[in-house]
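**Q** Start counting the sequence shown at 234; every next residue gets the next number (the working numbering).
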Amino acid sequence: MKRITQIAHEKLSGVIHLGDRVVDATVGNGHDALFLAQQVGARGEVAGFDIQTEALHATGLRLEDAECRGPVNLYELGHEKMGQVLSSWKGTVSAVVFNLGYLPGGDHNIITRSETTLPALDEALNLLKPDGVLSVMLYHGHPGGQEEMETVFSWSEQLVAGYKQELVEVEHPQAPKLLWIGKLNLTNTLH
Numbered sequence: 234m235k236r237i238t239q240i241a242h243e244k245l246s247g248v249i250h251l252g253d254r255v256v257d258a259t260v261g262n263g264h265d266a267l268f269l270a271q272q273v274g275a276r277g278e279v280a281g282f283d284i285q286t287e288a289l290h291a292t293g294l295r296l297e298d299a300e301c302r303g304p305v306n307l308y309e310l311g312h313e314k315m316g317q318v319l320s321s322w323k324g325t326v327s328a329v330v331f332n333l334g335y336l337p338g339g340d341h342n343i344i345t346r347s348e349t350t351l352p353a354l355d356e357a358l359n360l361l362k363p364d365g366v367l368s369v370m371l372y373h374g375h376p377g378g379q380e381e382m383e384t385v386f387s388w389s390e391q392l393v394a395g396y397k398q399e400l401v402e403v404e405h406p407q408a409p410k411l412l413w414i415g416k417l418n419l420t421n422t423l424h
């Protein structure tokens, strides 16, 4: 059985192309940032956000070890600030990736929280180009995780027309869930 993270990467590889702009909203240990950088190549751009210095350090080392050549900019800021930092990217981003929970191997008391996650999700939708995707990995087996997941599901149910959603789950009940939101290209459907 495939891991849910592998499923997410397979889905992302179908929408991210060389030269694209992408965002890792919660860099953690850098697995997604490296994957994104490899997908967009040297002509693409990756922006990564995390509030923890050790997460950015681990990500930088992972990128360096993989001899990542593409431009990756890491910001020691909360994901809710991505719209401010990337204001010139509005409507041009192919994918924004979130892993909600805590930093694996880090302080489990530092977790993502609904009060910053929901504004970050709104910012992410503003950054997406038509046919862009939002990939939200919801880890819910820790204190606060179930509550955040339910809040994100409630947020996603409020999205108006123009977005296609899919919830991907694997059989294990404690496994994270993947919320996949695609921004529809409405200009193609109007003709």
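In this text, a Cβ means the ideal position worked out from N, Cα and C, and glycines have one as well.
1. Ordered along the chain, which non-local residues of its own chain (more than five positions away) have a Cβ less than 6 Å from that of residue 288?
2. Identify every residue that forms a DSSP beta bridge with residue 398.
3. Is the beta carbon of residue 329 closer than 8 Å to that of residue 367?
4. Would you call residue 405 buried or exposed, if buried means 16 or more other Cβ atoms sit within 10 Å of its Cβ?
5. According to DSSP, is residue 276 helix, strand or coil?
6. For residue 423, I'd like the list of residues in its chain whose CB is within less than 7 Å of its CB, leaving aside the five on either flank, ordered along the chain.
7. Drop a sphere of 10 angstroms on the beta-carbon of residue 381, count the other beta-carbons inside from all chains shown, and report buried for 16 or more, exposed for fewer.
8. Sort 369, 351, 291 and 347 by Cα distance to residue 339 and report the nearest one.
**A** Once the coordinates are examined:
1. 260, 261 and 336
2. 414
3. yes
4. exposed
5. coil
6. With a pLDDT of 41 at residue 423, under the threshold of 50, the modelled position of this residue cannot be trusted, and the question is left open.
7. buried
8. 291
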